[in-house]
Each structure stands twice: as structure tokens, then as C-alpha cells.
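Asks: Pasting in a structure now, in C-alpha cells, and then I'll have a few things to ask.
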Amino acid sequence: MGKTVRMTPSTLKRAALEATADRFARGDPMPDAARTRPRTKGKRALLRRDFLDRLDRDPIRCVRVGTRDDGTPIHRMVFPYFEAMIRSRKTTRQKT
Amino acid sequence: MDWDGVRKDLIGTPERGARHLIFLYALAEYLQSLREPVPFVVGGNAVEYYTSGSYATGDLDLKCNWQGLLQFCENIGLDRNEGQFFSKELNIYIDWLGSGPEAPHESDSRAVEVGEIDSDVYFRLISPEDIVLSRLLEAKFWNNEDARLWAERIVESVVKARYDVDWGYLEDRAAQEDVVDEVTRLSDFIRRISRNTGTGNGPPKP
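Sequence lines, in order, name chains A and B.
In case it helps, the numbering used here puts the first sequence at residues 50 to 145.
In case it helps, the numbering used here puts the second sequence at residues 58 to 263.
Written out as C-alpha cells, the structure is:
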């Protein structure tokens with residue numbers, strides 16, 4: 050009897066990614082994919098330290114900006130780690 | 058719309074996450090001008106934002122009005138392959154995954170807005186609860202240990218930002234997807250670090 054494979058949304062997503070990978074293998078454009086996949090305990094510890102450093106340096110801001118009709122809150126988030134890069138880039142462009 | 062300005066901003070931004078942010082704000086502004094819903098971001102890019110760039114992803118997975126996206130991408134000079142848009146020059150790769158959130162995996166009413174607090178321009182991001190659940194599914198059913206770590210990082214990050222994680226919703230969805238054990242493990246971890254750091258709104262005590 051065949052094994053039942055559970056098709057979760059993520060499974061479907063992986064199937065889609067694999068199909069995409071096949072297209073890349075055929076010579077279609079390759080994205081600059083650089084997924085970080087820490088394989089060792091040491092690397093994981095480093096990743097966590099780096100992550101905590103980033104959070105301390107540029108903490109994500111979250112503000113409740115309203116409430117929907119069904120009572121669920123509407124949150125707005127700001128990601129200063131990325132926003133700072135955009136600001137510095139735009140400033141540079143305006144100066145030049 | 059200043060198409061040339063958008064192109065220049067994209068070309069002049071080497072950091073991938075920031076480049077995606079520029080793209081999303083510009084696309085959101087364009088869709089708003091068409092009176093269409095703003096883009097909804099899912100997948101690895103959501104993990105990248107919630108973890109402040111600790112997780113890196115190559116493509117940008119989004120959902121929005123197809124015609125609006127098509128016009129926008131053509132105007133900034135992206136090439137197209139079915140639902141994917143790309144440009145070597147702009148160093149960007151977009152994967153269109155549909156017109157909007159799809160229940161129950163992507164709750165429309167829980168999506169988080171992303172943008173400066175006082176700005177009219179914003180886009181939407183899959184909720185922390187939904188993206189965490191997708192990682193826990195990967196962890197359990199693909200034996201992907203890394204996915205479990207990313208789920209921890211996401212919750213740790215949003216708890217620190219004082220986001221009210223809806224543990225009740227997370228547990229209900231976990232029961233539907235058969236990952237209650239993963240959520241229990243995650244809430245134990247968050248409770249532990251909340252106690253250690255004295256910050257954040259951890260899960261309710263069992």
C-alpha cells in the first residue's frame with residue numbers, strides 16, 4: 050500500500066519551489082537566493098547572537114492603529130533595520 | 058508615478074531586504090492609486106522582515122491584483138515568465154502567488170500592516186501566527202529543524218516588539234493542522250525567555 054503524503058500548504062509551496070528550480074535548471078533566470086541554513090550547533094548559536102544583536106540595535110516597532118469590525122486589532126509594524134538602509138540610500142541619491 | 062525614480066532606488070540599493078521594501082512601498086502606492094488592495098507578502102520574505110534580516114531569501118512572494126502588478130512591473134522594466142517577474146539589472150525576483158490571502162492558512166483579518174506609523178503608504182504582511190504555523194508544519198512534517206528555530210525567532214522578535222501574539226488562535230490552528238505538540242514546545246520556549254528577560258507578552262500560563 051502506498052504511503053499517504055500529507056499535503057500541507059508548505060508542502061505545496063515546496064512543490065512550487067521545486068518546479069521553479071527546474072525552470073532555473075533549464076537556463077531561466079536565477080534569483081540571488083541565499084537561504085541561511087545553519088547546520089551546526091555553533092553556527093546556530095552565532096545566528097542567535099547576531100539576531101539578538103539586531104533586535105537590540107534596531108528593535109521592531111509595533112503599534113495598534115485600529116480595530117476591525119470583527120474586533121480584531123490592526124497592527125502596524127516598522128522594521129528599522131531595513132528602513133534605515135532605504136533612508137541612507139535615498140539621501141545618497143538626492144545628494145548626488 | 059516616477060518609474061525612473063523607482064528604478065534608480067532599486068538599482069542603488071544593494072541590500073536585498075531593503076530593495077524588496079522599496080519595491081513593495083512603490084507597488085503599494087501604485088495599487089492604492091488604482092483603488093486596489095495593497096500587496097500581501099507571504100513566505101520567506103515575511104520571515105526575513107520578522108527576524109530583521111536574520112533569515113535571507115532570494116525571491117519576493119506576494120499576492121495582489123494581477124493586472125496592477127503586471128502594469129507596475131512592465132513600467133519599471135521587469136521581464137516576465139508566467140507569474141514570475143525578474144530583472145538582472147534591478148536584481149529582483151518576484152513570485153506572484155495569487156490575488157490575496159487564502160483562508161485558513163493566511164488570515165486576512167490578522168494581516169499586519171507594514172509602513173511608517175503616520176504614512177498612508179503601507180503594504181500587508183502575513184500575520185506572525187500564520188507564518189509561525191507554516192514553519193512549524195515544515196518542522197514537523199519535513200523534519201526541518203531549522204524551521205523550528207525560525208518559528209522561535211519570529212515569536213521572540215514580535216513579542217519583544219510588544220505585538221499581542223494570539224496564542225488561542227495559534228493553538229486552534231495547530232489543532233486543525235496536527236501540530237499542537239510543536240506549538241506547546243514553542244510556547245514553553247517563549248515563556249522561558251520571557252521569564253528570563255522580564256520582557257514581552259508570553260503565552261498564558263497553562
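Heads up, the beta-carbon is just placed ideally off N, CA and C, and yes, glycines get one too.
(1) So for B/Gly101, helix, strand or coil by DSSP?
(2) For the segment 180-226 of chain B, which segments carrying the beta strand (DSSP E) assignment without a break, of at least 3 residues, lie completely within its bounds, in sequence order?
(3) Return helix, strand or coil for B/Leu243, following the three-state DSSP convention.
(4) Here's the rule: buried if 16 or more other CB atoms are within 10 angstroms of the residue's CB, otherwise exposed. What is A/Met126?
(5) In chain order, what residues of the same chain lie with their CB nearer than 7 Å to the CB of B/Glu139, ignoring the 5 residues before and after it?
(6) State yes or no: is the beta carbon of B/Asp61 nearer than 8 Å to at least one beta carbon in chain A?
(7) What residues in its chain sit with their C-beta under 7 Å from that of B/Ser111, if we drop five residues either side in the sequence?
(8) Return helix, strand or coil for B/Glu170, following the three-state DSSP convention.
(9) Report, in whole angstroms, the separation of the C-beta atoms of B/Lys217 and A/Leu104, which I expect to be a contact under 8 Å.
(10) At 9 Å on the CB atoms, spell out the chain B contacts of A/Arg98, in chain order.
(11) Please state if the CB of B/Lys120 and the CB of B/Phe142 are separated by a distance shorter than 8 Å.
(12) With 8 Å as the threshold, decide whether the Cβ of B/Tyr87 is near any Cβ in chain A.
(13) What did DSSP end up calling B/Asn148 once you bin it into helix, strand or coil?
(14) Keeping to the same chain, check which residues put their C-beta closer than 7 Å to that of B/Ala85; ignore five residues upstream and five downstream.
(15) I need the straight-line Cα distance from A/Asp107 to A/Asp99, nearest angstrom please.
(16) Buried or exposed, going by whether 16 or more other CB atoms sit within 10 Å of the CB of A/Met134?
(17) Mapping the DSSP letters down to three states, classify B/Phe143 as helix, strand or coil.
Replies: Result, derived from the coordinates:
(1) DSSP places B/Gly101 within a helical segment (H, G or I) once states are collapsed to three.
(2) Counting only unbroken stretches of 3 or more residues, the beta strand (DSSP E) elements lying wholly within the segment 180-226 of chain B are 180-182, in sequence order.
(3) Of the three classes helix, strand and coil, the one that applies to B/Leu243 here is helix, per DSSP.
(4) Looking at its Cβ environment, which holds 16 or more other Cβ atoms inside 10 Å, A/Met126 is buried.
(5) Here the set comprises nothing.
(6) It does not: the Cβ of B/Asp61 has no partner Cβ on chain A nearer than 8 Å.
(7) Shown here for B/Ser111: same chain residues with a beta carbon closer than 7 Å to its own, the five before and five after excluded, namely Arg210 in chain order.
(8) Shown here, B/Glu170 sits in a strand according to DSSP, grouped into three states.
(9) The Cβ separation is near 6 Å, so the contact holds.
(10) The premise fails here: A/Arg98 is roughly 10 Å from chain B at the closest Cβ pair, so nothing lies under 9 Å.
(11) With respect to the 8 Å criterion, B/Phe142 and B/Lys120 are not classified as neighbours on the basis of their beta carbons.
(12) Chain A, which has no Cβ nearer than 8 Å to the Cβ of B/Tyr87, makes this no.
(13) Here B/Asn148 sits in coil by DSSP.
(14) A distance below 7 Å between beta-carbons, with the five flanking residues on each side excluded, links B/Ala85 to the following residues of its chain, in chain order: Val95, Pro96, Val178, Tyr179, Phe180.
(15) Near 12 Å, if we compare the C-alpha coordinates of A/Asp99 and A/Asp107.
(16) Classified as buried, A/Met134 has 16 or more neighbouring CB atoms from the shown chains inside 10 Å of its CB.
(17) In the structure shown, B/Phe143 adopts extended strand secondary structure according to DSSP, grouped into three states.
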